[in-house]
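Residue numbering for the sequence shown follows our numbering, beginning at 1312 and increasing consecutively.
Where is the CB? At the ideal position from N, CA and C, for every residue including glycine.
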Amino acid sequence: MITRTLYLVNLFIVRDIKVGNVYKGSRIETEYGDSIFDANTMYLQPKIVYVGAKADYVTLYYKIYTEGYSSVSRGNSYKITAREHTLTLNGWGNEKPGYWEAGNYTISIWYCDKKIAEDTFIIHKSEISEIK
1312 MITRTLYLVN LFIVRDIKVG NVYKGSRIET EYGDSIFDAN TMYLQPKIVY VGAKADYVTL
1372 YYKIYTEGYS SVSRGNSYKI TAREHTLTLN GWGNEKPGYW EAGNYTISIW YCDKKIAEDT
1432 FIIHKSEISE IK
């Protein structure tokens, strides 16, 4: 079950967050929003859908956390534009498969030291048939 908390900021509203699993260089291993299995995990890469009030550059960062573990990405500058758009943020992890453990995770998107969006996702325990 996905729970979602969205927050309003002056420049844009985040309407959705999906997490994908990608190789170094952002080639997709697991599509955004699909089931991610621990043995295949490398870089978790969020993709957000937002509605922008105007074109501007913003610095966003995100936190990924689960019980007993948290990780914070470094902030990166992104160009946002007016109206609804999709923006893919930089991935966080390692190029060696199996970097992330199975479990329930929360991802939160931050702008100007304020949480602007939050969602949950699951990394599933791999069975032999799911390992690529």
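- Message: Please classify K1407 as buried or exposed, where buried requires at least 16 neighbouring CB atoms within 10 angstroms.
- Response: Stepping through the sequence shown from its first residue, residue 1407 is reached at position 96. K1407 should be labelled exposed.
- Query: Since P1357 is in the beta strand (DSSP E), which residue starts that stretch and which ends it?
  - Reply: Here the question's residue 1357 lines up with position 46 in the sequence shown. Segment 1354-1363, the beta strand (DSSP E) holding P1357.
- Message: With distance defined between alpha-carbon atoms, name the residue in G1344, I1433, V1333 nearest to Y1376.
- Response: As a first step, residue 1376 is located in the sequence shown; it is residue number 65 there, counting from the start. Relative to Y1376, the option among G1344, I1433, V1333 whose CA is nearest is I1433.
- Query: Helix, strand or coil: which one does DSSP assign to N1351?
  - Reply: Within the sequence shown, residue 1351 is the residue found at index 40, counting from 1. Of the three classes helix, strand and coil, the one that applies to N1351 here is helix, per DSSP.
- Task: Kindly list the residues whose CB is nearer than 6 Å to the CB of K1335, restricted to its own chain and excluding five residues on each side of it in sequence; keep chain order.
- Result: By 1-based counting over the sequence shown, the position of residue 1335 is 24. Same-chain partners within the cutoff: E1406.
- Message: Rounded to whole angstroms, what is the Cα-Cα separation between Y1343 and D1327?
- Response: On the sequence shown, position 32 is the one that residue 1343 refers to. On the sequence shown, position 16 is the one that residue 1327 refers to. Rounded to the nearest angstrom, the two C-alpha atoms are 11 Å apart.
- Euclidean distance between Cα positions of L1319 and A1364: Here residue 1319 refers to the residue found at position 8 of the sequence shown. Here residue 1364 refers to the residue found at position 53 of the sequence shown. Any reading at L1319 must be qualified, since the residue scores a pLDDT of 49, below 50, and its modelled position is unreliable; the value itself is stated next. Between L1319 and A1364, the C-alpha separation is close to 11 Å.
- Endpoints, beta strand (DSSP E) assigned at A1428: On the sequence shown, residue 1428 is found 117 positions in, with the first residue counted as 1. Looking at the DSSP string, the run of the beta strand (DSSP E) that includes A1428 is 1425-1435.
- Tell me whether I1339 is buried or exposed, calling it buried when 16 or more other Cβ atoms sit within 10 Å of its Cβ. Here residue 1339 refers to the residue found at position 28 of the sequence shown. Classification of I1339: exposed, given that the 10 Å Cβ count is below 16.
- Query: With distances taken between CB atoms, is the gap from I1420 to Y1354 smaller than 9 Å?
  - Reply: Indexing the sequence shown from 1 puts residue 1420 at position 109. Indexing the sequence shown from 1 puts residue 1354 at position 43. Result no, Cβ atoms of I1420 and Y1354 do not sit closer than 9 Å.
- Message: Using a Cβ-Cβ cutoff of less than 6 Å, which residues in the same chain neighbour K1390 once the five nearest sequence positions on both sides are dropped?
- Response: Translated into the one-based positions of the sequence shown, residue 1390 becomes position 79. Excluding positions up to five away in sequence, the list reads Y1368.
- Message: Within a Cβ cutoff of 8 Å, which residues of the same chain sit near V1325, ignoring the five residues on either side of it in sequence?
- Response: Along the sequence shown, one-based indexing puts residue 1325 at 14. Closer than 8 Å at the Cβ level, and outside the excluded window around V1325, lie L1317, Y1318, I1359, V1360, Y1361, I1420, I1427, A1428.
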